[in-house]
Amino acid sequence: MRIVSRDPATAETALPLQPVSEDGAIVPALGTSALPTPGNSPDAVSWIHCASCGDYVYIKRLRRSGGVCPACGHHHRLSAADRLAHLLDPGSIRVVPGWAHTDDVLGFRDTRDYRERLDEARERVGLDDAAVAVRGTIGGQEVVVVSLDFRFMGGSIGAGVGELVVAGAEHAVAHRLPLLLISSSGGARMQEGTTSLMQLAKTAQAISAVHESGMLCVNLNTDPTFGGATASFAMLGDVIVAEPGARIGFAGPNVIRQTIRDELPPGFQTAEKLLEQGLIDDVVPRDSLVSWITTLLRLHRTVAHPPLPTTKERAVVTAPGELPELDARTVLTLSRDVGRPTTLDYITSLLDEFIELHGDRQIADDPALIGGVGAFRGVPVVVLGHQKGTDTASRITHNFGMPQPSGYAKARRLLRHAEKFGMPVLTFVDTPGAYPGLEAEEFGQGYAIATAIMEMVRVAVPVVSVVTGEGGSGGALGISVADRLLMLENSYFSVISPEGASTILHGTPDKAVEIAEALGITSTRLLELGIVDAVVPEPEGGAGADPRCAIQSVGAALAWALDDVMGIDRDELMRQREQRYNDFGRLAE
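Take the sequence shown: its letters are residues 30 to 618, numbered as in our numbering.
Here it is as C-alpha cells:
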C-alpha cells in the first residue's frame, strides 16, 4: 500500500487542492460519468430502459433530471463525478489532498487476481479507488465532501477508501468545515481481508474527531448502502438523510434470507422503512437535495448569532395581579380546544427556516413529539414540541400528542445536537401526558422521561419553553425544564390530569374541575407560585378563536424570553438553572 501524506497542517502546501474545470467537464480526479451520453451518429442510441418501471427514457432528459426517471421517479445510481456535479456549485470543486493508492498486499485471487480487478476498475471508472474527497461550496457555503462510487468494485471499502474518508474528515477538522459523506457501497472489500475490516474502526475514529471538533457531519446514503459502510461512517452523522428507495442495511438481503430461511417483508431495508423506524432523519428526493443541504448548512454556520430584534411590547404578563381571574372549568375547556394552534402551526409561522429531524436512531420516529433545527428571528435554534393534530385522523396519527419512549429519546438526541452547535432550545408543550400504554411501559416510559428531564437540566445552552395548551405531568415536564417557562393564559400545567386525580381521590372523574381548582394548575396560580416566569395573554375566546393573534403573541413572548437568557454566560446560565430548580418547594425564611 502506498499512502501520500495527509498531514492537515501541511496539506495546502504539500499537495495543493486540484481544481475542477469551470466548464463542467469531468476531470480524471473525479472519474467518469455513470449517466449515458447520447451519441452524435444517426445510429446512436438516444433512449434507455428505466431499471424500475421499464419505460423508455430519453437520455438527454434523464441527464437533465440528474438520473431520476421522469415516469416513475426511480433514482438511478450516480457516479462520484455525477454526484458532485449535481450538488456542488459550478467551478467550486477542489480535490482534497491525501489520497491513497491500494495495492494487492495479500496476493489475493478468486477467479481473477485482485490486482487485475483493481486495474480494470481504475481504467473503467477513472479513479484510483472507490471514493473521492473534495472541497467546494453548496449554495455558496464551503463544505468537504467524500463520495463513494459504486462502479468501482461495488463501492467496497478497502484501505484506499478508508484513507480518503479519513483525509476528508481531517481536512474538515483542520479547516473548520462541515463534512458531507455520500455512500453507495456493498460493504467491506473482501479481497483485502481483515485490513478492510479495520477500516470501520479507522473511519469511525475520524468521524469521532469531527464530532469532537464541533463541526457538522452529514450522511447522504444512496442505493445501496450496506455492510461496512453502514456499520461505520455512513450512520455516524449528526444528520442522516437518504434518497427515495435507497436500500440501506448491515446484512445484505440474500444473506438474511439464507440465514432465517424466510422471505423478507415488503419495503424491508428501504430508506422509507428506516425513516419509519427512526434510524434516519429524512428521505429527500434528488431534485430537492441542494436546497435541503443548503438550508442545513446555513442553520449550522459557526458564526455569532445576531441579536434578536427588540419589540416595543413585551407581550407577557409577569405580575399575577395584572391577570384576570381564571375559572378552572374555562381553562380546561379552552386548553383542549381543537382550534388552538399546534406546534407545527407555531413552527411554520414563527420560524424563518425549519428542517424536521426524525427518529431516535434506535426504535421509531414518534409523531407525537416533533423536532428539528430552524431559525427564529435570525437565530439558529433547536425546536421540540408535542403535536396533537388538527382533526380526528391527524390526532390518531400523532397519538393525541402523547409521546412514547422513542419520542423522549428523540428529544434527548436533539438536545445534544443543540449543545454541540450552541443553539438555544425552544419547546412547545401541549400534551395530556406521556402515553400510558402497554408498549410504552415495556420500552421504559419512566426511564425515557427521567433521562429527558436530566438532559434538559444539564444541556449547556439557553432553553425557553412555552405551555400552549395542556401540560400533563411528566409527559410535559420531559421537554419543559427551562431557563424561562412561559404559559399561555388559558393553558394548564399539572402533576396529574384533573380527571386522573379525581378518579384516584373520589373514584370518579366527575370532580375534575374542583380538583383543578385545588391543584392550582392555572397560569395565574403558577405565576403566583413562581413556577412560571410569565403568562402570554390570549385573544378573547382563547387561542382557538384567533390563532393568528395567539401565534403572534407567542412569537413576541419567545423573543422577549430568549433575549433575556441569550446574553447570560454559560457558567452563570447553568448556575441560575440549578438554583431555579433547587428553590422549588423550599419554604421562605
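Cβ coordinates follow ideal geometry from the N, Cα and C atoms, glycine included.
Among residues of its own chain, excluding the 5 on either side of residue 448, which ones have a beta-carbon nearer than 7 angstroms to its beta-carbon? Around residue 448: 488, 489 and 490.
In the structure shown, what three-state DSSP assignment does residue 75 receive? When secondary structure is reduced to three states using DSSP, residue 75 falls in the coil class, being assigned neither helix nor strand.
Backbone secondary structure at residue 244 - three-state DSSP: Residue state, collapsed to three classes: coil.
In the DSSP assignment, what are the bridge partners of residue 276? Per DSSP, 299.
Touching or not, the region 459-474 and the region 530-546, by the rule of three or more beta carbon pairs under 8 angstroms? Touching, no, given that fewer than three Cβ pairs across the two stretches are closer than 8 angstroms.
Compute the Euclidean distance between the alpha carbons of residue 598 and residue 330, then round it to the nearest angstrom. Whole-angstrom Cα-Cα distance: 21 angstroms.
Whose C-alpha, out of 451, 564 and 328, is nearest the C-alpha of residue 350? Nearest option by C-alpha distance: 564.
Residue 51 to residue 328, Cα distance in whole Å? The predicted model places residue 51 with a pLDDT of 45, which falls under 50 and marks its position as unreliable; any figure quoted below should be read in that light. One alpha carbon belongs to residue 51, the other to residue 328, and they sit about 28 angstroms apart.
Can you list, in chain order, the residues of its chain whose CB lies under 7 angstroms from that of residue 357, leaving out five sequence neighbours each side? In its chain, beyond the 5 residues on either side, 542, 545, 546 and 551 have a beta carbon closer than 7 angstroms to the beta carbon of residue 357.
CB residue 155 to CB residue 174, shorter than 9 angstroms? No. Outside cutoff.
Supposed contact pair residue 96 and residue 107 - C-beta distance, whole angstroms, cut 8 angstroms: Going by Cβ atoms, the distance from residue 107 to residue 96 rounds to 5 angstroms, so yes, they are a contact pair.
For the alpha helix (DSSP H) holding residue 464, just list the boundary residues, first then last. Judged by DSSP secondary structure, residue 464 falls outside any alpha helix (DSSP H); it is assigned neither H nor E.
Taking all protein chains shown into account, do 16 or more other C-beta atoms lie within 10 angstroms of the C-beta of residue 283, making it buried, or fewer, making it exposed? Residue burial is scored here from C-beta neighbours: residue 283 has fewer than 16 other C-beta atoms within 10 angstroms and is therefore classed as exposed.
Could you check whether residue 270 and residue 318 sit closer than 9 angstroms to each other, using their CB atoms as the reference points? Taking 9 angstroms as the Cβ cut-off, residue 318 and residue 270 qualify as a contacting pair.
Between the region 601-608 and the region 403-423, do three or more beta carbon pairs fall short of 8 angstroms? At 8 angstroms Cβ cutoff, the stretches do not touch.
Which value, in whole angstroms, describes the spacing of the CA atoms of residue 199 and residue 397? Going by the C-alpha atoms only, they are around 39 angstroms apart.
CB-CB under 8 angstroms to residue 326, same chain, minus the five flanking residues each way: which ones, in chain order? Taking C-beta separations shorter than 8 angstroms and ignoring five residues to either side along the sequence, the partners of residue 326 in its chain run 167, 168, 170, 172, 207 and 245, following chain order.
Is there contact here, the region 132-148 with the region 209-225, by at least three beta-carbon pairs under 8 angstroms? Enough Cβ pairs lie closer than 8 angstroms, so yes.
Nearest candidate by alpha-carbon position, reference residue 251, set 323, 410 and 311: The shortest Cα separation from residue 251 among 323, 410 and 311 belongs to 311.
Going straight from the alpha carbon of residue 379 to that of residue 369, what length do you get? If you take the alpha carbons of residue 379 and residue 369, they lie about 15 angstroms apart.
What are the boundary residues of the alpha helix (DSSP H) that residue 323 is part of? Element bounds for residue 323: 318-328.
Are residue 395 and residue 436 touching if we call contact CB-CB under 9 angstroms? Yes, Cβ-Cβ distance for residue 395 and residue 436 is below 9 angstroms.
For the region 174-222, which segments carrying the alpha helix (DSSP H) assignment without a break, of at least 4 residues, lie completely within its bounds, in sequence order? With a minimum length of 4 residues, the continuous alpha helix (DSSP H) runs that stay inside the region 174-222 are 188-203.
Going by the beta-carbon positions, is the gap between residue 265 and residue 233 smaller than 9 angstroms? Taking 9 angstroms as the Cβ cut-off, residue 265 and residue 233 qualify as a contacting pair.
So, with DSSP's three-state summary, where would you put residue 450? Reduced to three states, the DSSP call for residue 450 is helix.
Delimiting residues of the beta strand (DSSP E) encompassing residue 411: First-last of the beta strand (DSSP E) with residue 411: 408-415.
Tell me which residues share the same chain as residue 202 and place their Cβ nearer than 8 angstroms to its Cβ, disregarding the 5 neighbours each side in the sequence. 37, 238, 239, 242 and 244.
Assigned secondary structure, residue 473 (DSSP; H/G/I helix, E/B strand, else coil): The answer is coil: DSSP assigns residue 473 none of H, G, I, E or B.
Backbone CA spacing between residue 93 and residue 77 [nearest angstrom]: Going by the C-alpha atoms only, they are around 14 angstroms apart.
Is it the case that the Cβ atoms of residue 214 and residue 177 are separated by a distance below 9 angstroms? Contact flag set, yes.
Contact under 9 angstroms by Cβ, residue 562 with residue 498: No; because the gap between Cβ atoms is not below 9 angstroms, this pair is not in contact.
Can you give the Cα-Cα distance for residue 444 and residue 454, rounded to whole angstroms? Roughly 8 angstroms between the two C-alpha positions.
To the nearest angstrom, how far is it from the Cα of residue 86 to the Cα of residue 274? Near 19 angstroms, if we compare the C-alpha coordinates of residue 274 and residue 86.
Own chain, CB closer than 7 angstroms to residue 557, minus 5 neighbours either side, in chain order: If the five residues before and after residue 557 are omitted, its C-beta is found closer than 7 angstroms to the C-beta atoms of 349, all from its own chain and listed in chain order.
Which same chain residues, not among the five before or five after residue 257, have their C-beta less than 6 angstroms away from its C-beta? Contacts found: 186, 216, 217 and 229.
I need the straight-line Cα distance from residue 492 to residue 377, nearest angstrom please. Near 20 angstroms, if we compare the C-alpha coordinates of residue 377 and residue 492.
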